[in-house]
Amino acid sequence: MNEKEELIRFVEHIVKNGSGYNTEKSLKELRDIMVRNGASAEIAQWLDGMIDEWARAFRRRDSRSDKRRQGKNRPYEPDEMLAIKTVAGNVENPSDFL
Amino acid sequence: MIEKTTAFTIFGKELCVKNYKCSHNGCPYMQKDRPLKMQLSLKLTSYCGASCRFCSAACGKGIKEFLNLKYLETVLNEMKRLNAVRGISITGGEPFTDIGLLNETIEMIFDILGVWTEISINTNGIGLKDIHKIKRLKYVDTVHISRHHYDDKRNSSYFGIDVPGSEAIKEAVESVYDPRIFVLNCLLLADGIGSSKEMKNYLEWAGDIGIKKAGFITAMPVNDYAAKNRVSYKDIFVVDEAILYTDRFEDFEYCNCRDGIYASSSGRMVEFYGRETGYGGPDFVRGFVLGPDGVLRTGYGEKAGIVADLKREIV
Numbered sequence: 485m486n487e488k489e490e491l492i493r494f495v496e497h498i499v500k501n502g503s504g505y506n507t508e509k510s511l512k513e514l515r516d517i518m519v520r521n522g523a524s525a526e527i528a529q530w531l532d533g534m535i536d537e538w539a540r541a542f543r544r545r546d547s548r549s550d551k552r553r554q555g556k557n558r559p560y561e562p563d564e565m566l567a568i569k570t571v572a573g574n575v576e577n578p579s580d581f582l
Numbered sequence: 028m029i030e031k032t033t034a035f036t037i038f039g040k041e042l043c044v045k046n047y048k049c050s051h052n053g054c055p056y057m058q059k060d061r062p063l064k065m066q067l068s069l070k071l072t073s074y075c076g077a078s079c080r081f082c083s084a085a086c087g088k089g090i091k092e093f094l095n096l097k098y099l100e101t102v103l104n105e106m107k108r109l110n111a112v113r114g115i116s117i118t119g120g121e122p123f124t125d126i127g128l129l130n131e132t133i134e135m136i137f138d139i140l141g142v143w144t145e146i147s148i149n150t151n152g153i154g155l156k157d158i159h160k161i162k163r164l165k166y167v168d169t170v171h172i173s174r175h176h177y178d179d180k181r182n183s184s185y186f187g188i189d190v191p192g193s194e195a196i197k198e199a200v201e202s203v204y205d206p207r208i209f210v211l212n213c214l215l216l217a218d219g220i221g222s223s224k225e226m227k228n229y230l231e232w233a234g235d236i237g238i239k240k241a242g243f244i245t246a247m248p249v250n251d252y253a254a255k256n257r258v259s260y261k262d263i264f265v266v267d268e269a270i271l272y273t274d275r276f277e278d279f280e281y282c283n284c285r286d287g288i289y290a291s292s293s294g295r296m297v298e299f300y301g302r303e304t305g306y307g308g309p310d311f312v313r314g315f316v317l318g319p320d321g322v323l324r325t326g327y328g329e330k331a332g333i334v335a336d337l338k339r340e341i342v
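Each protein sequence line maps, in turn, to chains A and B.
The first sequence begins at 485 in the numbering used here and counts up by one.
The second sequence begins at 28 in the numbering used here and counts up by one.
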């Protein structure tokens, strides 16, 4: 394997084993080390691209799972609706709660 | 074809010195730039509270000799005149034995050569509690901590004294403006860190306590114990998916080193290197050592050539 193939393999290892934003941090750390130790502009750019791409992909995935977690697209359950109505009935701007 | 050595005159003495850059990643050796720069090592004291079985430094718990700053001033001025300082290693014995002297030494180096002079300090670890007593810590490049095992008890057993444990190192790392200042030095030993697996355990531990760089050194066979337990870094630096090997340097048969980056299981990046010195040293000068005896030598130990005996030159 040449230098770049080795780096790709290593980045794949980091991504495969990382979790959440840790991976972005790990890749940034790797980039800093490589640049500090005299990596070529091409390698630095490639790593920058990897970090951006990975961060974008992660945020997309993250925002989808957030929505799922928050249940934004599902209808309210009857007891939730009652709770909302009760709170809303006791405040000046009920729309704040809806 | 490079000229391996060249003449260099210091304190009126003509020496034959190294005239090439180490081979980088298998590339040819290159001629050194001019002016010629060399490493200056300062043995601040002969005293060290530890009693490591593999230690090659002529120091110990016996006589407490300290570097004379008048001699240091003379050497620094001479090297400044020649524009010959590449960097300065402060070593010993244990340099933190006298924190006042350590501070004065650093001040003098910066005053004479400027604050951008590369300075490294070696400690067996006892210096960590005094790390913030170094007034110009921000300008010190690295503090090398000898740490031969990730397990605190096993590490202390190598030194024969209680040296700061993992928590103390972690606290020190978290207390400085840049954690990269700390580098761990681990001597590879068959009864300690002597396999690829143990090396990975060490790097995992180093990452967990916030260390960014560690060195794995092949022991010099200075005695039976060191010879028997000697493990070459080349035998344990194997292909591993969590490791990216980057650079390697060779200095003919004299020494070689290899750099790498380790991705710990928690996602931390730890830089590391391996270094090995050959059995036979070169017959030319690669650096200078000033000791507490006031003698400037071409290397460590009594066998090294004498460049200047400052006790005689300064009255």
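Positions of the beta carbon are idealized from the N, C-alpha and C atoms, including for glycine.
Interface residues of chain B facing residue i [CB-CB closer than 8 Å]
{"i": "A:Val502", "result": "First, the amino acid is wrong: residue 502 of chain A is Gly here, not Val. Residues of chain B passing the Cβ test: Gly294."}
{"i": "A:Lys509", "result": "Gly294"}
{"i": "A:Glu513", "result": "Arg295, Met296"}
Interface partners of residue i on chain B, CB under 9 Å
{"i": "A:Phe494", "result": "Glu268, Ala269, Ile270, Leu271, Ile288, Ala290"}
{"i": "A:Glu489", "result": "Under the 9 Å cutoff, chain B gives no residues; its nearest Cβ is about 11 Å from A:Glu489."}
N-terminal and C-terminal residue of the beta strand (DSSP E) that residue i is part of
{"i": "B:Met296", "result": "296-304"}
{"i": "B:Ile146", "result": "146-150"}
{"i": "A:Ala523", "result": "It is not in any beta strand (DSSP E) - A:Ala523 carries neither H nor E in the DSSP assignment."}
{"i": "B:Ala335", "result": "333-336"}
{"i": "B:Val316", "result": "314-317"}
{"i": "B:Val210", "result": "209-215"}
{"i": "B:Phe35", "result": "32-37"}
{"i": "B:Ile172", "result": "169-173"}
{"i": "B:Arg324", "result": "322-324"}
{"i": "B:Leu42", "result": "40-45"}
Any chain B beta carbon closer than 9 Å to residue i
{"i": "A:Met534", "result": "no"}
{"i": "A:Asn521", "result": "yes"}
{"i": "A:Leu531", "result": "no"}
{"i": "A:Asn486", "result": "no"}
{"i": "A:Glu526", "result": "no"}
{"i": "A:Tyr560", "result": "For A:Tyr560, the pLDDT reaches just 47, beneath the cut-off of 50, and the residue's location in the model is therefore unreliable, leaving the point undetermined."}
Within chain A, partners of residue i - CB distance below 7 Å
{"i": "B:Glu298", "result": "Ile517"}
N-terminal and C-terminal residue of the alpha helix (DSSP H) that residue i is part of
{"i": "B:Thr132", "result": "126-140"}
{"i": "B:Asn182", "result": "179-186"}
{"i": "B:Ala21", "result": "Missing from the structure shown is residue 21 of chain B; chain B here goes from 28 to 342 and no further."}
{"i": "A:Leu491", "result": "487-501"}
Residue i burial status per 10 Å Cβ neighbour count (16 or more: buried)
{"i": "B:Ala34", "result": "exposed"}
{"i": "B:Cys54", "result": "exposed"}
{"i": "B:Phe123", "result": "buried"}
{"i": "B:Met65", "result": "buried"}
{"i": "B:Thr144", "result": "buried"}
{"i": "B:Val266", "result": "exposed"}
{"i": "B:Asp286", "result": "buried"}
{"i": "A:Arg544", "result": "exposed"}
{"i": "B:Gly234", "result": "buried"}
{"i": "B:Ile263", "result": "buried"}
{"i": "A:Tyr560", "result": "Residue placement at A:Tyr560 is poorly supported in this model, since its pLDDT is 47, which falls under 50; the coordinates are not used for a value here."}
{"i": "B:Tyr204", "result": "exposed"}
{"i": "B:Ser173", "result": "buried"}
{"i": "B:His171", "result": "buried"}
{"i": "B:Ala254", "result": "exposed"}
{"i": "B:Tyr260", "result": "buried"}
{"i": "B:Thr36", "result": "exposed"}
{"i": "B:Lys165", "result": "exposed"}
{"i": "A:Lys500", "result": "exposed"}
{"i": "B:Lys70", "result": "buried"}
{"i": "B:Arg295", "result": "buried"}
is_contact[residue i, chain A] using C-beta, thresh 9 Å
{"i": "B:Asp274", "result": "yes"}
{"i": "B:Leu337", "result": "no"}
Test: residue i CB closer than 9 Å to a CB of chain D
{"i": "B:Asp178", "result": "Given the protein chain composition of this structure (A and B), no chain D is represented."}
Segments assigned beta strand (DSSP E), at least 3 residues, entirely inside the segment 233-310 of chain B: Here the runs fully enclosed are 240-245, 270-278, 282-290, 296-304.
Runs of alpha helix (DSSP H) wholly within the segment 67-121 of chain B (minimum 4 residues, chain order): Assignment of alpha helix (DSSP H) within the segment 67-121 of chain B, counting only whole runs of 4 or more residues, yields 96-108 in chain order.
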